[in-house]
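Note sheet for the following structure.
In the numbering used here, the protein residues as written are 1 to 234.
Structure representation (structure tokens):
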């Protein structure tokens with residue numbers, strides 16, 4: 001296969017993928033599509049200038065070549081690079097490539113004081129809450145402070161509040177606003193998108209199949225974004 005044919009094949013894959021990923025409407029040309037996709041897709045942003053150059057090269061190959069000859073034959077470096085970008089966009093790495101780790105959590109029946117002590121001991125600000133081995137929610141520092149603050153406002157005995165079961169403290173609304181549940185089969189890009197889409201996101205909870213009650217495979221916070229970006233780059 002000539003470099004020109006391989007180059008155009010990869011270009012077309014990228015074009016189709018960007019049109020599927022782009023979150024706007026309208027029939028954009030490739031250049032505008034790249035520029036707009038770069039606003040939310042780290043891979044496109046990283047290779048934005050190269051993709052714009054490839055667009056000009058593609059136009060020369062397609063529109064100025066003759067039956068007798070191809071006006072421009074991409075070099076090996078350009079052909080390999082556009083093929084690599086196409087692979088990154090069309091078959092991005094999945095969260096399953098992350099090494100599974102044991103995520104500390106508390107039982108729903110455990111007192112709030114235990115969650116506070118565990119957070120202080122581990123440094124974790126988001127703790128899964130389990131009931132009979134199934135996760136029922138996340139207990140974050142925000143929710144703990146809210147519970148203690150409400151108790152102070154009411155004049156409740158803090159010692160008694162600290163004995164409140166963690167299962168009674170967690171709130172379903174927190175899972176909707178501050179957390180995102182993904183499966184290990186979802187892409188690394190989807191985790192990055194989750195943080196980009198919701199600036200209030202505290203963590204991405206990675207489970208086996210993407211359901212709340214599944215065992216947790218990983219817990220990703222904003223501190224993991226550089227690691228996720230590196231996975232895309234590698």
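Cβ coordinates follow ideal geometry from the N, Cα and C atoms, glycine included.
I'd like to know whether the C-beta of residue i is nearer than 8 Å to at least one C-beta of chain E.
{"i": "residue 152", "result": "This model lacks chain E altogether; it includes just one protein chain."}
Using only CA atoms, which one of the options lies nearest to residue i?
{"i": "residue 159", "options": "141, 113, 212, 130", "result": "113"}
{"i": "residue 90", "options": "11, 57, 106, 157", "result": "11"}
{"i": "residue 59", "options": "204, 166, 30, 80", "result": "30"}
{"i": "residue 15", "options": "55, 49, 41", "result": "55"}
{"i": "residue 4", "options": "186, 80, 20, 27", "result": "80"}
{"i": "residue 126", "options": "106, 111, 132, 133", "result": "106"}
{"i": "residue 225", "options": "110, 178, 204", "result": "204"}
Residue i and residue j look like a contact to me (Cβ under 8 Å); what is the Cβ gap, rounded to whole Å?
{"i": "residue 128", "j": "residue 189", "result": "The Cβ separation is near 24 Å, so there is no contact."}
{"i": "residue 82", "j": "residue 7", "result": "6 Å"}
When we look at the beta-carbon of residue i and count the other beta-carbons within 10 Å, is it buried (16 or more) or exposed?
{"i": "residue 135", "result": "buried"}
{"i": "residue 193", "result": "buried"}
{"i": "residue 228", "result": "buried"}
{"i": "residue 42", "result": "buried"}
{"i": "residue 140", "result": "buried"}
{"i": "residue 222", "result": "exposed"}
{"i": "residue 143", "result": "buried"}
Residue i and residue j: beta carbons closer than 8 Å?
{"i": "residue 218", "j": "residue 74", "result": "no"}
{"i": "residue 238", "j": "residue 118", "result": "Because the chain in this structure spans residues 1 to 234, residue 238 falls outside the shown range and cannot be described."}
{"i": "residue 196", "j": "residue 95", "result": "no"}
{"i": "residue 210", "j": "residue 170", "result": "no"}
{"i": "residue 216", "j": "residue 34", "result": "no"}
{"i": "residue 36", "j": "residue 28", "result": "yes"}
{"i": "residue 62", "j": "residue 51", "result": "no"}
{"i": "residue 97", "j": "residue 232", "result": "no"}
Let me know the alpha helix (DSSP H) ranges lying completely inside the stretch 80-165, each 4 residues or longer, listed in chain order. 112-122, 141-154, 158-161
Mind listing, in chain order, the continuous alpha helix (DSSP H) runs of no fewer than 4 residues lying wholly within the stretch 171-228? 172-178, 188-197
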